[in-house]
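Peer 1:
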DNA sequence: TAGTGGTCTAGACCACGGG
DNA sequence: CCGTGGTCTAGACCACTAG
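Residue numbers (full-length UniProt numbering), protein chains in the order written: chain A, 1 to 236; chain S, 1 to 236.
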């Protein structure tokens, strides 16, 4: 494990365990250096990672402070993470509506960058305790995901890709707009036709930049909330 | 100007000027080092910045590639930037509905972290060529923004804070959900009651972590699209 | 196995904040 | 002014990719 990740994890643990809140002042950079015996750049690397994740913020000339206790956002879909649709919420059941192979993905998926070659088409509904949560229609390029079964698709496809195929999801883009539900969508989500919904088109890429998944998601407005964050040009 | 920012800007210029597309292979790290006479870490810092902004991606053992031509997203509201509501779209007019001082912000704003002290309340409508775009209801803490006038509020408040007050917006959080419009909102947006809308609560902080602005935005679903992106734990 | 990006260090110097 | 975080370098060594 890389040193900066070890340190980052330690700090996260520390914040969770002590239940620290926004504004709490963390140890200084040189204290972390001494405690762990790391170089300054390595400590800054760890802090930068946490800064990007929204956990802390650094103030030049002053110190390092807690921004958010991770785990305070359980109910939210985190748009700024490389996840399909659920953040920390694990009480989600999956109902598979369709799994088939296609010679070619639909045009809109190819326009978003999915290779124009054979793919899997997966249609699922995700259900929380309080009802249907999201309709998900995904296309997986067989170039990157050569095999999918009903069983895999009933669980987490991303976990399968990571663990069984040993591939890492590296980055994603999400395009959103608000729509009125069609009759069919409303039925799946147990809502009324013309009820509001958020539609998200997602594009996921592997470490080599290859696009392997393009999806269209339609969320139930009654039980879905979303979260996004940004930091100004932070690094080192 | 910092070296890594100079390099980052040069690369962006290069991509725009040559109109490069996703997958284009950029010069190697050591070529940038030699061309600019920079150290390796500095070059990596610049590339990391661009990676975080979604402009490029680095593939270990292979090279550096273009991910997106900046400026390909003009029509989208970029949720992953520290902007109020418009990304690159500059054809936006502002209609000020209200500007007043309050002893205390409303409860929900204080819960989001706005100091429980005097503030400005600003209500505005943003209008694009094709009609009303968003209703914006903002609260600015007088601790950070001691003075606002009608004139300032008719322009860009963020520009004013940056330029006149010399303060930097450092990070933000955005909480979203989909709603049905009330009668009043519908009238402002020239839509119908119960039409869909995206409501976003935004929290903005300065470089010292101080929260200075909490806002509630309600977007017109007919002319608003949103964009978000993420990268897996990138740094150095 | 050569080439390319990633991690890490030690240390010099810079820039900002607060007393 | 001192302390704290930020930038930058040179260079060693690691890890992954591709031919």
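Every residue gets a Cβ at the ideal spot worked out from N, C-alpha and C, and that includes glycine.
Could you tell me the distance, in whole angstroms, from the CA atom of residue 126 of chain S to the CA atom of residue 94 of chain S?
Peer 2: Their backbone Cα atoms lie some 5 Å apart in a straight line.
Peer 1: Closer than 9 Å by beta-carbon distance: list the chain A residues that pair up with residue 169 of chain S, in chain order.
Peer 2: Within 9 Å Cβ-Cβ: 232.
Peer 1: Report the CB separation of residue 202 of chain S from residue 217 of chain S in whole angstroms; it is logged as a contact under 8 Å.
Peer 2: That pair is a contact at about 7 Å.
Peer 1: By Cβ distance, which residues of its chain are closer than 6 Å to residue 167 of chain S, with the 5 residues on each side in sequence left out?
Peer 2: 161 and 206, listed in sequence order.
Peer 1: Just to check, is the beta-carbon of residue 59 of chain A closer than 7 Å to a non-hydrogen atom of the ligand SAH?
Peer 2: No copy of the ligand SAH appears in this structure; indeed no ligand is present at all.
Peer 1: Helix, strand or coil: how does DSSP classify residue 300 of chain A here?
Peer 2: Since the displayed chain A opens at 1 and closes at 236, residue 300 of chain A lies outside it and no answer follows.
Peer 1: Mapping DSSP to helix, strand and coil, what is residue 10 of chain A?
Peer 2: In this structure, residue 10 of chain A counts as helix in the three-state DSSP scheme.
Peer 1: Mind listing, in chain order, the continuous alpha helix (DSSP H) runs of no fewer than 4 residues lying wholly within the segment 149-209 of chain S?
Peer 2: Entirely contained in the segment 149-209 of chain S, the alpha helix (DSSP H) runs reaching 4 residues are, in chain order, 150-154, 157-163 and 183-189.
Peer 1: Does the pairing of the segment 3-10 of chain S with the segment 39-55 of chain S give three or more beta-carbon distances under 8 Å?
Peer 2: Counting Cβ pairs under 8 Å, three or more are found: they touch.
Peer 1: Quick one: is residue 12 of chain S near chain A, going by C-beta distance under 8 Å?
Peer 2: No, because no Cβ of chain A sits closer than 8 Å to the Cβ of residue 12 of chain S.
Peer 1: Could you check whether the segment 93-110 of chain A touches the segment 172-180 of chain A, counting it as contact only if at least three pairs of C-beta atoms, one from each stretch, sit closer than 8 Å?
Peer 2: No, the segment 93-110 of chain A does not touch the segment 172-180 of chain A.
Peer 1: Closer than 7 Å, Cβ to Cβ, to anything on chain A: give me those residues from the segment 195-212 of chain S, in chain order.
Peer 2: Of all residues in the segment 195-212 of chain S, 196, 197, 198, 207, 208 and 209 have a Cβ within less than 7 Å of some Cβ in chain A.
Peer 1: Nearest-angstrom Cα distance between residue 53 of chain S and residue 212 of chain S?
Peer 2: When rounded, the distance between both Cα atoms is 24 Å.
Peer 1: If you measure beta-carbon to beta-carbon, which residues of the segment 155-188 of chain A are closer than 8 Å to chain S?
Peer 2: Against chain S - using a Cβ distance shorter than 8 Å - the residues of the segment 155-188 of chain A are 168, 169, 170, 171, 172, 173, 174, 175, 176, 177, 178, 179 and 180.
Peer 1: Of the residues S:122, S:19 and S:3, which one's Cα is nearest the Cα of residue 42 of chain S?
Peer 2: Ranking S:122, S:19 and S:3 by Cα distance to residue 42 of chain S puts S:3 first.
Peer 1: Taking only three categories from DSSP, how would you classify residue 229 of chain S?
Peer 2: Of the three classes helix, strand and coil, the one that applies to residue 229 of chain S here is strand, per DSSP.
Peer 1: Going by beta carbon distance, what residues of the same chain come within less than 6 Å of residue 32 of chain S, once the five residues before and after it are set aside?
Peer 2: Here the set comprises 43.
Peer 1: For residue 86 of chain A, which three-state DSSP category applies?
Peer 2: Annotation note: pLDDT 49 at residue 86 of chain A (below 50); position unreliable, no value reported.
Peer 1: Residues of chain A with CB under 9 Å from residue 80 of chain S, in chain order?
Peer 2: By Cβ distance, chain A contributes 79, 80, 228, 229 and 230.
Peer 1: Mind checking which residues open and close the alpha helix (DSSP H) that includes residue 41 of chain S?
Peer 2: Start and end: 40-52.
Peer 1: Take the Cβ of residue 235 of chain A as the centre, count every other Cβ of all protein chains shown within 10 Å, and call the residue buried at 16 or more, exposed below.
Peer 2: Interpretation of residue 235 of chain A is limited by its pLDDT of 48, a score under 50 that renders its predicted location unreliable; no figure is taken from the coordinates.
Peer 1: Would residue 215 of chain A pass as an interface residue toward chain S - the criterion being a Cβ-Cβ separation below 8 Å?
Peer 2: It does not: the Cβ of residue 215 of chain A has no partner Cβ on chain S nearer than 8 Å.
Peer 1: May I have the straight-line CA-CA distance separating residue 147 of chain A from residue 214 of chain A, to the nearest angstrom?
Peer 2: So the two alpha carbons sit approximately 16 Å from each other.
Peer 1: Given this structure, state the Cα-to-Cα distance separating residue 186 of chain S from residue 135 of chain S, to the nearest angstrom.
Peer 2: Approximately 10 Å, taken between the alpha carbons.
Peer 1: Is residue 22 of chain A close to chain S, meaning its C-beta is less than 8 Å from at least one C-beta of that chain?
Peer 2: Yes, its Cβ sits closer than 8 Å to a Cβ of chain S.
Peer 1: Can residue 69 of chain A and residue 11 of chain A be called in contact, C-beta distance under 8 Å?
Peer 2: The answer is no: Cβ separation not under 8 Å.
Peer 1: Would you give the residue range spanned by the alpha helix (DSSP H) that residue 30 of chain A belongs to?
Peer 2: Its alpha helix (DSSP H) spans residues 29-36.
Peer 1: What's the gap between the Cα of residue 199 of chain S and the Cα of residue 221 of chain A?
Peer 2: Computed Cα separation, rounded: 11 Å.
Peer 1: Would you call the CB atoms of residue 230 of chain S and residue 80 of chain A closer than 8 Å?
Peer 2: Cβ distance < 8 Å, so residue 230 of chain S and residue 80 of chain A count as in contact.
Peer 1: Assuming residue 59 of chain A and residue 208 of chain S are in contact, meaning their beta carbons sit under 8 Å apart, how far apart are those beta carbons, in whole angstroms?
Peer 2: Contact holds; Cβ gap of about 5 Å.
Peer 1: From the DSSP output, in three-state form, read off residue 120 of chain S for me.
Peer 2: DSSP places residue 120 of chain S in strand when its eight states are reduced to three.
Peer 1: Exposed or buried, what is residue 150 of chain A when buried is set at 16 or more other beta-carbons lying within 10 Å of its beta-carbon?
Peer 2: Residue 150 of chain A is exposed by the Cβ-count criterion.
Peer 1: On the criterion of 16 or more Cβ atoms from any shown chain inside 10 Å, does residue 97 of chain A qualify as buried, or is it exposed?
Peer 2: The residue in question, residue 97 of chain A, is exposed, as its Cβ has fewer than 16 Cβ neighbours within 10 Å.
Peer 1: Please list the partners that residue 71 of chain A has in chain S, where partner means a Cβ-to-Cβ separation under 8 Å.
Peer 2: Within chain S, no residue comes near residue 71 of chain A; the closest Cβ sits about 15 Å away, beyond 8 Å.
Peer 1: Just tell me which of A:145, A:163, A:164 and A:191 has its CA closest to the CA of residue 318 of chain A.
Peer 2: The question about residue 318 of chain A has no answer, for chain A in this structure spans 1 to 236.
Peer 1: Contact defined as beta carbons within less than 8 Å: I believe residue 40 of chain A pairs with residue 29 of chain A. What is the distance between those atoms, to the nearest angstrom?
Peer 2: Indeed, because the Cβ distance is near 7 Å, the residues count as touching under 8 Å.
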